[in-house]
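Here is the structure we will look at, set down as structure tokens.
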């Protein structure tokens with residue numbers, strides 16, 4: 005008889021992180037994780053398509069949140085404003101409960117080439133989610149692509165600081181600072197040294213009377 | 005007795021693409037590829053660390069070329085100029101010989117989730133190569149990161165057009181056009197709608213005598 009499992013996902017995640025922290029990612033099986041959580045292996049695979057997904061399912065939630073945040077942005081808002089509000093709209097995901105495992109998760113990913121590859125693929129998917137949502141609002145392809153990638157640099161930096169800091173702190177302040185840094189970096193790239201800031205006038209200087 | 009194998013890598017690549025095009029990537033083994041090339045499986049694995057690398061080894065060469073191109077750029081050149089010259093410096097790689105297999109390679113990658121994942125990881129490595137080379141020249145971290153990612157959007161677009169066009173054409177023209185598009189996209193992001201283009205003056209207008 006299948007019965008309803010309250011918070012099965014959270015229990016599986018807690019159990020997984022506890023076992024991974026003790027014995028490393030590779031040495032722990034899905035069945036053991038399910039066992040510690042008081043659930044079956046079948047339940048594990050109903051929640052996560054494979055073992056690494058215990059560490060990465062939050063990224064899919066995040067991609068949906070970014071997509072929705074951009075779709076919901078103010079009419080006429082410029083692309084970087086849409087990216088900013090989408091990233092800030094994800095702040096509630098980064099609560100104290102999620103912070104408990106964040107540093108362990110970062111350490112596990114850093115210690116495994118295959119987990120690191122999955123992390124890179126998931127980050128790429130975050131950028132693509134923003135790019136696609138911007139394009140759906142009529143932002144031109146390359147601009148949407150560059151804005152999605154730029155937003156992801158800000159998000160990644162803010163997330164890493166949030167996750168690796170031993171004490172919990174709010175995500176919003178970190179994200180704002182990193183978004184500002186990215187906007188400054190973009191301005192630096194296209195700034196004073198660029199051709200289109202001060203185009204040479206094709207006209208003679210105006211006569212001064 | 006091991007004897008010198010002239011152009012072993014090219015022969016293996018030719019054989020691999022021929023077999024993959026006929027029977028698909030999964031159905032072909034490294035031993036079969038080596039057999040068709042008149043070489044041994046051990047020789048195959050001296051040249052490629054695994055079967056997918058037959059399709060991706062060029063990306064490592066490209067990353068080295070980008071790194072070197074940025075390191076060799078003119079002193080004082082702005083980051084986007086360094087990225088531009090690095091990408092254009094890779095043009096000789098995209099010769100008629102490499103073009104022979106390019107469309108087949110693109111089709112194979114598009115047809116396989118695991119090859120597609122490897123392609124994403126390799127593209128990420130290209131961006132990182134540019135970012136690291138810029139940072140090594142003193143460009144600040146976020147600016148180097150955004151410039152590397154932006155350059156990669158231009159490179160990817162130019163490469164896709166070059167690879168998928170049935171007739172061979174020079175890479176340089178495509179790359180220039182896509183680099184210009186990326187620069188315009190960056191300018192659009194930081195352009196008129198941005199706060200820092202026309203800061204309101206804190207001073208009273210000058211008195212006009």
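Chains as they are written, first to last, in the working numbering: chain A, 5 to 213; chain B, 5 to 213. Even glycine gets a Cβ: it sits at the ideal position worked out from N, Cα and C. These numbers come from a predicted model, not from an experiment.
- Annotated as proximal: residue 75 of chain B and residue 141 of chain B, with beta-carbon spacing under 9 Å.
- A direct Cα-to-Cα measurement between residue 35 of chain A and residue 85 of chain A gives close to 45 Å.
- From the beta-carbon of residue 83 of chain A, the residues of chain B found nearer than 7 Å are 193.
- In terms of Cα proximity to residue 44 of chain B, the closest of B:149, B:19, B:24, B:60 is B:19.
- Judged by their CB atoms, residue 193 of chain A and residue 194 of chain B are nearer to each other than the 9 Å cut-off.
- Contact with chain A is absent for residue 90 of chain B, since none of that chain's Cβ atoms lies less than 9 Å from the residue's Cβ.
- Contact annotation for residue 128 of chain A against chain B: 124, 128 [CB-CB distance below 8 Å, chain order].
- Bounds of the alpha helix (DSSP H) holding residue 70 of chain A are 57–75.
- Chain A has no Cβ within less than 9 Å of the Cβ of residue 53 of chain B.
- By alpha-carbon distance to residue 187 of chain B, the top candidate from B:87, B:77, B:103, B:17 is B:87.
- CA-CA distance, residue 115 of chain A to residue 171 of chain B, rounds to 45 Å.
- Here residue 69 of chain A is buried: its Cβ has 16 or more other Cβ atoms, across all protein chains shown, within 10 Å.
- Across the segment 125–157 of chain A, CB contacts with chain B closer than 8 Å involve 125, 128, 144, 146, 147, 149, 150, 151, 153, 154, 157, in sequence order along the chain.
- Listed by position along chain A, the residues whose Cβ is nearer than 7 Å to that of residue 181 of chain B form an empty set, because the closest Cβ is around 11 Å away.
- Using a 10 angstroms sphere on the CB of residue 31 of chain B, the tally of other CB atoms stays under 16, which defines it as exposed.
- Neighbours of residue 57 of chain A in chain B, taken as residues whose beta carbon is under 7 Å from its own, are absent, since the nearest beta carbon is some 15 Å off.
- Taking the CA atoms as reference points, residue 16 of chain A sits about 18 Å from residue 113 of chain A.
- If you look at residue 183 of chain A, you'll find it in the alpha helix (DSSP H) that goes 175–194.
- For residue 165 of chain B, the CB contacts under 7 Å within the same chain, skipping 5 residues up- and downstream, are 178 in chain order.
- By the beta-carbon neighbour count (other beta carbons within 10 angstroms, threshold 16), residue 123 of chain A is buried.
- Judged by beta-carbon spacing, residue 71 of chain B lies within the 9 Å limit of residue 136 of chain B, meaning their Cβ atoms are closer than that value.
- Our two residues, residue 121 of chain A and residue 148 of chain A, have alpha carbons roughly 24 Å apart in a direct line.
- Residue 56 of chain A places its beta carbon 9 Å or farther from that of residue 144 of chain A.
- Taking 9 Å as the CB threshold, residue 79 of chain B stays off the interface with chain A.
- Considering only B:180, B:42, B:182, B:28, the residue with the shortest C-alpha distance to residue 12 of chain B is B:42.
- When only Cα atoms are considered, residue 54 of chain A and residue 189 of chain A end up about 38 Å apart.
- Going by C-alpha positions, residue 60 of chain B is about 19 Å away from residue 128 of chain A.
- The C-beta distance from residue 168 of chain A to residue 81 of chain A rounds to 32 Å, too long to fall under 8 Å, and the pair is not in contact.
- Between residue 155 of chain A and residue 91 of chain A the beta-carbon gap is near 6 Å, inside 8 Å, which marks them as a contact.
- Take residue 77 of chain A, set aside five residues on each side of it, and the residues of its chain with a beta-carbon closer than 8 Å to its own are 85, 86, 89, 90, 141, in chain order.
- Assignment of residue 53 of chain B by DSSP, reduced to helix, strand and coil, places it in the coil class.
- Identification of chain B residues near residue 186 of chain A by a Cβ-Cβ cut-off of 9 Å yields 146, 149, 150, ordered along the chain.
- Going by beta carbons, residue 183 of chain B and residue 150 of chain A fall outside the 9 Å limit.
- Listed along chain A, no residue sits closer than 7 Å to residue 86 of chain B by beta-carbon distance, the nearest being about 11 Å off.
- Under a 10 Å Cβ-count criterion, residue 73 of chain B is classified as buried, with 16 or more other Cβ atoms of the shown protein chains found around its own Cβ.
- Taken through DSSP and simplified to helix, strand or coil, residue 43 of chain B comes out as coil.
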